[in-house]
Amino acid sequence: AQSVTQPDIHITVSEGASLELRCNYSYGATPYLFWYVQSPGQGLQLLLKYFSGDTLVQGIKGFEAEFKRSQSSFNLRKPSVHWSDAAEYFCAVGADAGKSTFGDGTTLTVKP
Amino acid sequence: DTGVSQNPRHKITKRGQNVTFRCDPISEHNRLYWYRQTLGQGPEFLTYFQNEAQLEKSRLLSDRFSAERPKGSFSTLEIQRTEQGDSAMYLCAGREGPSGNTIYFGEGSWLTVV
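Chains as they are written, first to last, in the working numbering: chain A, 14 to 125; chain G, 416 to 529.
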């Protein structure tokens, strides 16, 4: 069975600081991996996705993620966080973008 | 704006009542997915359609839940005899083509069962 673990329920960073959100997955084959962002009361927006090829993936809003097969991880990073990045972030894994298994999310708070 | 709209955005209902949610994707979305998201958790897959055909249903979709996509365009999700445990946000997402690898979420429909 596939699963996703996001170890950090809540992270607080100062505006301008760097950010790393952790994601560990369990999947029986080569996974398709996704990061989504969700603002309060809203739907999810895709930040980036990994299917194959270069293990460092660039996404929207200045985010990137690195796939590490040996560690079963797909951590999300951003070099400098903006106040507007405050939201909830979800990692997902699956063979089909629509039938992915999601983690329980990490809530990001940005301090001024 | 993803082009996927959901109605109503919020619904408060009494336990035992039936509720229906509607999802309108864009015309290019021949695949349509429904999810449930409870507070503090990620979305959970419920079911999906390829055009008008419902191809898969999760074990989460009890007999009280039914989904349709009669003409391969909009979709409805009905919950009969609602229970307090049904309180959640119901999300719809669309995908272009049989091999598209990006899904586009609507803003969700919040259900509160009192």
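All C-beta atoms in this analysis are idealised placements derived from N, C-alpha and C, irrespective of residue type, glycine included.
Beta-carbon within less than 6 Å of residue i's beta-carbon, same chain only, minus the 5 sequence neighbours each way: which residues are those?
{"i": "G:S490", "result": "C438, L447 and R484"}
{"i": "G:G487", "result": "N466 and E467"}
{"i": "G:F530", "result": "One cannot answer for residue 530 of chain G here, as it falls past the ends of chain G, which runs 416 to 529."}
Which term fits residue i, buried or exposed, when burial requires 16 or more other beta carbons within 10 angstroms of its beta carbon?
{"i": "A:S39", "result": "exposed"}
{"i": "A:P44", "result": "buried"}
{"i": "A:F76", "result": "buried"}
{"i": "G:L475", "result": "exposed"}
{"i": "G:D478", "result": "exposed"}
Rounded to a whole number of angstroms, what is the C-alpha to C-alpha distance between residue i and residue j?
{"i": "G:Q469", "j": "A:S27", "result": "46 Å"}
{"i": "G:M504", "j": "A:Q58", "result": "16 Å"}
{"i": "G:Y519", "j": "G:L461", "result": "16 Å"}
{"i": "G:T453", "j": "A:E33", "result": "25 Å"}
{"i": "A:R90", "j": "A:A14", "result": "27 Å"}
{"i": "G:T428", "j": "A:P53", "result": "22 Å"}
{"i": "A:L133", "j": "G:Q421", "result": "Look at the range of chain A in this structure, 14 to 125, and you will see that residue 133 of chain A is not part of it."}
{"i": "A:G72", "j": "A:L61", "result": "5 Å"}
{"i": "G:E522", "j": "A:G56", "result": "4 Å"}
{"i": "A:A108", "j": "A:D67", "result": "18 Å"}
{"i": "A:S65", "j": "G:R424", "result": "37 Å"}
{"i": "A:K112", "j": "A:A105", "result": "10 Å"}
Spell out the partners DSSP gives residue i in its beta bridges.
{"i": "A:Y102", "result": "A:V50 and A:T119"}
{"i": "G:I427", "result": "G:T527"}
{"i": "G:Q452", "result": "G:M504"}
{"i": "G:R484", "result": "Answer is none; G:R484 lacks a bridge partner."}
{"i": "G:I494", "result": "G:V434 and G:F480"}
{"i": "G:D416", "result": "None, per the DSSP bridge assignment."}
{"i": "A:F80", "result": "A:F87"}
Go through its chain and collect everything with a Cβ distance to residue i's Cβ below 8 Å, but skip five positions before and after it.
{"i": "A:T122", "result": "H23, I24, T25, V26 and A99"}
{"i": "G:N433", "result": "E493, I494, Q495, R496 and T497"}
Check whether the Cβ of residue i lies closer than 8 Å to any heavy atom of the ligand NAD, and answer yes or no.
{"i": "A:V70", "result": "The ligand NAD is not part of this structure, which contains no ligands at all."}
Ordered along the chain, which non-local residues of its own chain (more than five positions away) have a Cβ less than 7 Å from that of residue i?
{"i": "A:T18", "result": "N37 and G116"}
Output yes if chain C places a C-beta closer than 9 Å to the C-beta of residue i; else output no.
{"i": "G:G431", "result": "Here the protein chains are A and G, and chain C is not one of them."}
Where the segment 439-473 of chain G meets chain A: residues whose CB sits under 8 Å from a CB there: R446, Y448, G455, Q456, G457, P458, E459, F460, Y463 and E471
Selection of the segment 70-82 of chain A by Cβ proximity to chain G, strictly under 9 Å: none
Residues, ordered as in the chain, of the segment 491-512 of chain G that lie near chain A by beta-carbon distance below 7 Å: L506, A508 and R510
Interfacial residues, the segment 30-42 of chain A to chain G, with Cβ spacing under 8 Å: none
Members of the segment 106-117 of chain A that neighbour chain G once the beta carbon cut-off is set at 9 Å: G107, D109, A110, G111, K112, S113, T114, F115, G116 and D117
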